[in-house]
Amino acid sequence: MEFSEHIKTANVEDVVLRQPLHPPSRGTLCITGHHLLFSDREETGTRQFLLLLKNIDAIEKRMSGSSGTITIKCKDLRVLQLDIPGMEQCLNIAHSIETLSCLDCASEMYPFFHRPSDLSLQDQWGLSSTEKLYSQMKELHDRWRVSTVNRDYSVCPSYPPAVIVPKNIDDSMLKKVAKFRQGGRFPVLCYYHRKNGMVIMRSSQPLPGANRKRCKEDEDLLQAVLDGSDKGYIIDTRSSQQATQARMTGGGFESKSSYSCWKRLHRQMEKGKALQESLIKLVEACGDESNNMDRWLSKLENSKWLFYVQTALSTAGLLAECVERDGHSVLVHGSEGKDSTLLISTLAQLIMDPHCRSLEGFLALLEREWVQAGHPFMQRCAHSAFSHARLQQESPVFLLLLDCVWQLWRQFPLALGFSEALLLRLATEAYASDFGTFLCNSHQERWALGVMERTHCLFKALLRPRERDYYSNPLYEPTELAIWPSVHPQSLQLWRGFFLRWTQQSRHLEEAQEEIRNMVIEWGKLALS
Amino acid sequence: MASPVSVYNSNALDTRISSTSRESLKMELLSDVSLLPGEERIIDKDVMYMCPYNAAVKGKVLITNFRLYFKSSDADVAVMLDVPLGAISRVEKMGGASSRGENSYGLDITCKDMRNLRFALKQEGHSRRDLFDLLFRHAFPLSHGLPLFAYVTQEKYEENGWSVYKPIEEFRRQGLPNNKWRITFINKNYELCDTYPTVLAVPFKSKEEDLRRVAAFRSRARIPVLSWIHRENQAVIVRCSQPLVGMSGKRNKDDERYLDLIREANDTTKLTIYDARPNVNAVANKATGGGYEGDEYQNAELIFLDIQNIHVMRESLKKLKDIVYPNVEESHWLSSLESTHWLEHIKLVLSGAIQVADKVSSGNSVVVHCSDGWDRTAQLTSLSMLMLDSHYRTLRGFQVLIEKEWISFGHKFASRIGHGDKNHADQDRSPIFVQFIDCVWQMTKQFPTAFEFNERLLLTILDHLYSCRFGTFLYNCESARDQHELRLKTVSLWSLVNSKMENYLNPFYTPESGRVLYPVASMRHLELWVTYYIRWNPRMRQQQQSPVEQRYKELLALRDEYLKKLEELQLSDSSPSPRHANSPGPNTSPSPSSPPSQQYTHLHTPL
């Protein structure tokens, strides 16, 4: 397909761009297959503004006389306005933006065209792999093995080719277990707690259905996880009522009678539509500056966003408690096991494992637990808070994760090796990116499109020296201790850096943080010299 | 000599004692309390502390002439309380000799600092009588003819905090007197105005008899006087009380001419008068002889700032306490918080101060008043000065600001706090100063590198607002302080602070002398000061508080090291570096994530 067929007007002169934190400027607007480019010619020199069309969530056009105004609402919550002379030009531009920002063919997206000079496609893609992780963790080798039963993605289309499973469960058993789990997501190891040898497993829901089918291999697998210890926990991210209802549609839960050593804990976590609607409400409240007495706090509460943050952190806390304090292994799942399951397994690892809290460790964690584990980024992040399109699979689960990590970061200012700027960057990249990392919905899809060969890896790019400096926490002081977050509502704050990002005040704070970072680096250098 | 008791700990309630120190508990109870010089034991007794977060805790309470101290006797539930008696607002008996139920007989203590304490005693033999009587006597010494502890203490410090603020020096720093403004000693015996300081700055052209005539037309003779002058544009902040217009709409030519002199001083075309009150309240004040400046004040515009009075603020904080102590109203936290209106009041005070600062930095002189000019007026002038003048954002400058705008200009600390007074329901009490400190905290949150002091200073100030250990916040005005020889007989809080400055410094402070700080006063950018208002809740203990403080101290040391080396480099390098000694490292590259077009400059006002 040619992008040009969607571009009837490529250049318009004399356009006025209004964007937050900047005075309006007049210049030339240019639409390309992937970008909106604006250059103004002020006396002080040319300034350019570049926006990925993919970042655009919704546009509104308003005509008056012979000119028009296009309001652009971005997925990073920025709102821009273009005043365009000439009705036809304005309509053409609006049409191009509408069409090109919604192209859903991954292989035509910008990451396949992005070629920065300081990165090479020959570099190894990504930071970690199942095999690498396994080979580094000698403690695992007695009882666990790497299985490549999924090497052609036929057992579980959303899993990576290699996963870690109990040693005495062979591939043929795994295939049977996969048939008993939704989407083939059989239980795999995602975290090994060095201090006591306990593990976190994750999967999707079992499929006992209305007539309470059993699967011996599934039961054996979980028994093998326990390895003689008296019990394990299953944290189900649905209420017990929801889990029971799921039987009607073929799903269900691990019953006491079949899994006698496993104790189920139900913690209802919203996902999907409820979460997306919460985001929409929150962003609406943040953007509404119309009235001073606007009952902001009530609106914030009504959006329920902070309640979801609280639920996620407290469920993750529960998971970490089971492993770290109670000394038991835990299996986590909801229904599909691609959303809240990943959310709490990630947070629990941050709470317990100091390795995950360094900049590299955190990125590797995201790569393992989100990208490789098959969080469907493309579906979940197709639209953000402004889109009028009918909701389908959109859900800001990854954004919720970043918010929860920010809360941890705020409560433990020394314990995490990365800065708020990293979280903001990731929140933007998940929705629109120059890099291939968040493309597609699964490892299989990325493999089919050659993402690993034909695009660059965001995580690698974030570890280039300049970026590494910028995204590091200057106050970082690694601690071996678990960091238990406080989850009381009064301990949680709105992530202003993200939700109010395009305000003067957030800009001040970003600058202050940068100033502090530079300061600390400078002191360190001179003190060492 | 620094005091033997760490101030910061002295108010930490319910401090869970780490297992390492449990051994010491087995020793004689209470033997480890280090009393301040001059502090004396009054009574001790076995009691049950009815901790709202644990079950009842058995232990011993010690009352001295300064504090209430409790320590659990059971090493497994290590609970410690250390409360200055000054923080107590009310002591009541709970239950009677015939009350049934366990632990229903005892004392119920309400504190001024957002907490309550309950102790249960044995019912036999009126066991609480002596404890109650003695506590009541010593918690409210002024109601019993006893001195406040500040007059008893024998503490000595290296620094003398009373020398922090010298009015003439502060005026000189501002460039006064000059050809438009003069210093007058007309009030040296407090004859013009008994709630004003002795040294005042007034328009150069005003005569002493003008001042007397103006005084007759201003509530409590609090005439318009200069608080601050902008070095560049000569615009001023003037403070006063309301004019005595009354129902009949009285006029006073002298007052009108006097305000016009203020306007003239820097050729402002229009003088802006900020009346801190809501319009309706200002109108209502006419009934009691007060009012506001009407159209007869030519060349002046009047703007109401809608800030509520002391009673509304008191009730608002009371509501806040209801939802945070002892347990936090969690199920509808945000809407409950909203219903207290506390943050909304903070917003109105801040946005009023922003308007004042903005007016002045654009070259227009302003007059600020409310009714008497000692509550809302003090909030507005001091906050706008904090925004305009970076000197007040230093550790010592902030002390000067408080000494000047609050203490010397007669914010009625004694009445608003009720030091040593048993009358807990006194309608004069109000948390106006707490609200001011909260506003300062909001600003430090929004500008993390703009203040030389840290949050601990703000907490320390609020702790000693109540403690009565220092003379700083005692009495209503300077005349009363002189009369009671406060500066001779008591120690200043700033003695404590300035003898241990490193505890109160912000390592990331970057002086920017010309910068005007405009905080955002939108509800979206304000937050509840949880580390103050909810600090007694053990669940809310700031995470990793001590490692963070430790790390900040290390950073301070690192910064000093850096500055020292920088100085050495500059000395060896005979050409002096243009860089200010305290400035941060050179700005490295802009953020990689933001496009090059996104540049933003600070709001600078050359001073």
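Protein chains in written order, with our numbering: chain A, 1 to 529; chain B, 1001 to 1607. Even glycine gets a Cβ: it sits at the ideal position worked out from N, Cα and C.
Anticipated Cβ contact below 8 Å, residue i with residue j, distance rounded
i, j, result
"F459 (chain A)", "T437 (chain A)", "6 Å"
"G251 (chain A)", "L221 (chain A)", "Not confirmed; about 18 Å, so no contact."
"A1414 (chain B)", "Y1475 (chain B)", "5 Å"
"L1505 (chain B)", "L1401 (chain B)", "With a Cβ gap of about 17 Å, L1505 (chain B) and L1401 (chain B) do not count as contacting."
"G1249 (chain B)", "G1294 (chain B)", "7 Å"
"G183 (chain A)", "E336 (chain A)", "6 Å"
"Y308 (chain A)", "C381 (chain A)", "Wrong, their Cβ atoms sit about 17 Å apart, outside the cutoff."
"E1158 (chain B)", "S1499 (chain B)", "5 Å"
"A316 (chain A)", "A482 (chain A)", "Not quite, the Cβ-Cβ distance comes to about 11 Å (not below 8 Å), so this is no contact."
"H508 (chain A)", "F1508 (chain B)", "Contact flag wrong, Cβ pair sits at about 14 Å."
"A106 (chain A)", "L426 (chain A)", "Between L426 (chain A) and A106 (chain A) the Cβ distance is about 19 Å, and since that is not below 8 Å, they are no contact."
Residue i - DSSP class collapsed to helix/strand/coil
i, result
"V1360 (chain B)", "helix"
"Y1325 (chain B)", "coil"
"E369 (chain A)", "helix"
"M198 (chain A)", "strand"
"R464 (chain A)", "coil"
"A58 (chain A)", "strand"
"P1243 (chain B)", "strand"
"V1202 (chain B)", "strand"
"Y1532 (chain B)", "helix"
"R325 (chain A)", "helix"
"S1021 (chain B)", "Bear in mind that the predicted position of S1021 (chain B) carries a pLDDT of just 42, short of 50, making it too unreliable to give a figure here."
"Q48 (chain A)", "strand"
"T1268 (chain B)", "coil"
"S1010 (chain B)", "In this prediction, S1010 (chain B) has a pLDDT of 34, which is less than 50 and means its spatial position is unreliable; what the coordinates show is noted afterwards. In the structure shown, S1010 (chain B) sits in a helix (DSSP, three-state: H, G or I)."
"K1026 (chain B)", "No answer about K1026 (chain B) holds up, because its pLDDT of 39 lies below 50 and its placement is not dependable."
"E511 (chain A)", "helix"
"H443 (chain A)", "helix"
"E2 (chain A)", "coil"
Within chain A, the residues that residue i reaches when beta carbons sit closer than 9 Å
i, result
"L1566 (chain B)", "L526"
"E1502 (chain B)", "Those within 9 Å of E1502 (chain B) in chain A number zero; the least Cβ separation is about 16 Å."
Amino acids of chain A, ordered along the chain, whose beta-carbon sits closer than 7 Å to that of residue i
i, result
"T1449 (chain B)", "A512, E515 and I516"
"S1335 (chain B)", "L297, S298 and E301"
"L1555 (chain B)", "V520"
"T1394 (chain B)", "Result: empty, since nearest Cβ-Cβ is about 18 Å, beyond 7 Å."
Chain A residues whose Cβ lies nearer than 8 Å to that of residue i
i, result
"M1540 (chain B)", "S486, H488, Q490 and S491"
"H1609 (chain B)", "Missing from the structure shown is residue 1609 (chain B); chain B here goes from 1001 to 1607 and no further."
Contacts that residue i makes with chain B (C-beta to C-beta distance below 9 Å)
i, result
"Q505 (chain A)", "Q1446, P1519, V1520, S1522, R1524 and H1525"
Partner residues on chain B for residue i, Cβ-Cβ distance less than 8 Å
i, result
"R496 (chain A)", "R1524 and H1525"
"H508 (chain A)", "Q1446 and F1447"
"E534 (chain A)", "Lying before the first or after the last residue shown, residue 534 (chain A) is absent from chain A, which here runs from 1 to 529."
"W523 (chain A)", "L1555, L1558, R1559, E1561, Y1562 and G1585"
Runs of beta strand (DSSP E) wholly within the segment 386-425 of chain A (minimum 3 residues, chain order): none
Uninterrupted alpha helix (DSSP H) stretches inside the segment 1363-1450 of chain B (no shorter than 4 residues): 1376-1388, 1395-1401 and 1432-1446
Segments assigned beta strand (DSSP E), at least 3 residues, entirely inside the segment 60-129 of chain A: DSSP runs (the beta strand (DSSP E)) wholly in the segment 60-129 of chain A: 67-74 and 79-85.
Segment contact, 8 Å Cβ cut-off, at least three pairs: the segment 361-381 of chain A with the segment 479-499 of chain A: no
Inter-stretch contact (C-beta, 8 Å, three-pair minimum) for the segment 1547-1558 of chain B and the segment 1345-1358 of chain B: Counting Cβ pairs under 8 Å, fewer than three are found: no touch.
contact_flag[the segment 338-345 of chain A, the segment 233-244 of chain A] where n(CB pairs < 8 Å) is 3 or more: yes
Contact between the segment 304-320 of chain A and the segment 151-158 of chain A (3+ Cβ pairs under 8 Å): No: the two stretches stay apart, fewer than three of their Cβ pairs being nearer than 8 Å.
Inter-stretch contact (C-beta, 8 Å, three-pair minimum) for the segment 1353-1361 of chain B and the segment 1517-1534 of chain B: Pairwise C-beta distances place the segment 1353-1361 of chain B in contact with the segment 1517-1534 of chain B, as three or more of them are shorter than 8 Å.
Segment contact flag, the segment 272-284 of chain A with the segment 442-462 of chain A, C-beta cutoff 8 Å, min 3 pairs: By the Cβ rule, the segment 272-284 of chain A does not count as touching the segment 442-462 of chain A, because fewer than three pairs are nearer than 8 Å.
At least 3 beta-carbon pairs within less than 8 Å: the segment 1419-1435 of chain B vs the segment 1381-1393 of chain B: no
Three-pair Cβ contact test at 8 Å for the segment 1108-1128 of chain B versus the segment 1084-1095 of chain B: yes
Cβ contact (3+ pairs, closer than 8 Å) linking the segment 1207-1226 of chain B and the segment 1234-1243 of chain B: Touching, per the Cβ criterion.
Cβ contact check for the segment 274-289 of chain A and the segment 250-265 of chain A: 3 or more pairs under 8 Å: no
Three or more C-beta pairs below 8 Å linking the segment 61-71 of chain A and the segment 140-154 of chain A: With a cut-off of 8 Å, the segment 140-154 of chain A and the segment 61-71 of chain A do not count as touching, because too few Cβ pairs lie within range.
The segment 48-68 of chain A / the segment 95-102 of chain A touching (three or more Cβ pairs under 8 Å): yes
Beta strand (DSSP E) runs wholly inside the segment 1173-1236 of chain B, at least 3 long, in chain order: 1181-1184, 1200-1203 and 1225-1229
Stretch pair the segment 1363-1378 of chain B + the segment 1276-1288 of chain B: three plus CB contacts closer than 8 Å: yes
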